[in-house]
Amino acid sequence: MVRIFLLGATLIGLYAVLLCTPHPLFPHAVKANNITLHSDVPLPEPAARHVLELSLRKLERSPLYSSNHGYSVFLCNAPWRQRLLFNKDYGVGGVAPYPISPNVFLRDARIQDNRLIAPSGKPVAGDRTLDYFIAHEITHQLTGQAIGPLRYYQLPQWVREGYADYIGKGDTFHYNEARQAFLDHKPEMDWNRSGLYRRFHLLVAYLLDQQHWSVGRLLANPPSQTAVEAMVVALQ
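Structure (structure tokens):
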């Protein structure tokens with residue numbers, strides 16, 4: 001039993017090291033300011049730099065962001081790299097394995113089109129662009145680093161994912177349109193994965209933009225999702 005335990009601990013430790021230092025698997029890189037995009041295939045530099053600059057503009061909206069800190073994003077174009085680094089979350093758009101690693105890992109992408117590629121092989125459509133995924137996942141890292149792992153994983157999902165979406169979507173989100181879709185029970189607000197994120201984003205936008213909460217207050221003492229939904233409905 002002791003040997004099994006030691007073997008398991010060793011494998012977990014090695015995997016954590018891999019998540020923290022995956023650079024040998026990603027020999028290509030482009031940097032814009034303090035974000036570096038790593039890839040297992042060559043990157044078109046001007047397009048990659050443009051995507052990173054779009055991501056930075058969004059991240060700069062967050063008081064949690066610091067220009068003095070470096071951020072690394074790894075594009076996993078090969079399916080085996082996705083399976084290895086996404087682990088149990090294989091199939092999602094991206095992961096931010098906080099607090100094990102400060103890095104962000106994304107699926108394959110078409111850099112020139114600023115699009116992530118879905119498991120279907122088609123580009124992810126709409127306002128969920130590649131720079132959205134980069135900003136979204138880095139925001140998860142920023143949030144965790146700001147409040148610590150215990151509080152981070154105690155946050156309600158609507159706050160954790162809603163705030164990441166709030167930063168990731170940037171100016172493409174329109175509060176009044178989203179609220180009306182919510183009131184009208186439109187399909188884009190359904191409880192599927194993308195609809196769920198839109199609901200969470202709406203609730204965060206209501207508190208930050210309509211009620212003028214600070215991000216610190218939101219993270220320190222968030223109300224229940226049901227309570228905020230009722231406030232959104234009651235708002236005239």
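Mapping the sequence shown onto this note's numbering, position 103 (from 1) lands on 103, and the numbers just tick up by one. Even glycine gets a Cβ: it sits at the ideal position worked out from N, Cα and C. What you are looking at is a predicted structure, and each value in this text was computed from that prediction instead of being measured.
Measuring CB atoms only, is the region 35-42 touching the region 63-77, in the sense that at least three cross pairs come out at less than 8 Å?
Yes, since at least three Cβ pairs between the region 35-42 and the region 63-77 fall closer than 8 Å, the two stretches touch.
Whose C-alpha, out of Y197, L207, Y153, R81, is nearest the C-alpha of F133?
Residue Y197 is the option with its Cα nearest to F133.
For T139, which three-state DSSP category applies?
Residue state, collapsed to three classes: helix.
Let me know the secondary structure DSSP gives H38 once reduced to three states.
Residue state, collapsed to three classes: strand.
Comparing C-alpha positions only, which one of A227, K58, C76 sits nearest to A164?
When only C-alpha atoms are compared, the closest one is K58.
State buried or exposed for H174, treating a residue as buried only when at least 16 other CB atoms are found within 10 Å of its CB.
With fewer than 16 Cβ atoms within 10 Å of its Cβ, H174 is classed as exposed.
What does the Cβ neighbour count give for D184, buried or exposed, with the cut at 16 atoms within 10 Å?
D184 is exposed by the Cβ-count criterion.
Can you give me the Cβ contacts of Q54 inside the same chain, cut-off strictly under 6 Å, excluding the 5 residues immediately before and after it?
The sequence given here places Leu at residue 54; Gln does not occur at that position. Excluding positions up to five away in sequence, the list reads D131.
Residue ranges of each beta strand (DSSP E) run of no fewer than 3 residues wholly in the region 37-113, ordered along the chain?
Qualifying beta strand (DSSP E) stretches, in chain order: 71-75, 104-106.
Excluding the 5 residues preceding and the 5 following L64 in the sequence, name in chain order all residues of the same chain whose CB lies nearer than 8 Å to its CB.
Cβ neighbours of L64 beyond the five flanking positions: T139, L142, T143, Q145, A146, V215.
How far does the alpha helix (DSSP H) with V215 in it extend, from its first residue to its last?
First-last of the alpha helix (DSSP H) with V215: 215-220.
Using a Cβ-based criterion (distance less than 7 Å to any ligand heavy atom), does S62 qualify as near the ligand SAM?
Ligands displayed in this structure: none; no statement on the ligand SAM is therefore possible.
Count the other CB atoms within 10 Å of the CB of M189; is the residue buried (16 or more) or exposed (fewer)?
That one is buried.
Assign Q211 to buried or exposed, taking buried as 16 or more other Cβ atoms, counted over all protein chains shown, within 10 Å of its Cβ.
Classification of Q211: exposed, given that the 10 Å Cβ count is below 16.
Identify every residue that forms a DSSP beta bridge with I117.
BP columns for I117 point to P123.
Starting from the C-beta of Q112, find all residues in its chain whose C-beta is less than 8 Å away, skip the five residues before and the five after it, and write them out in chain order.
Contacts found: P44, A47.
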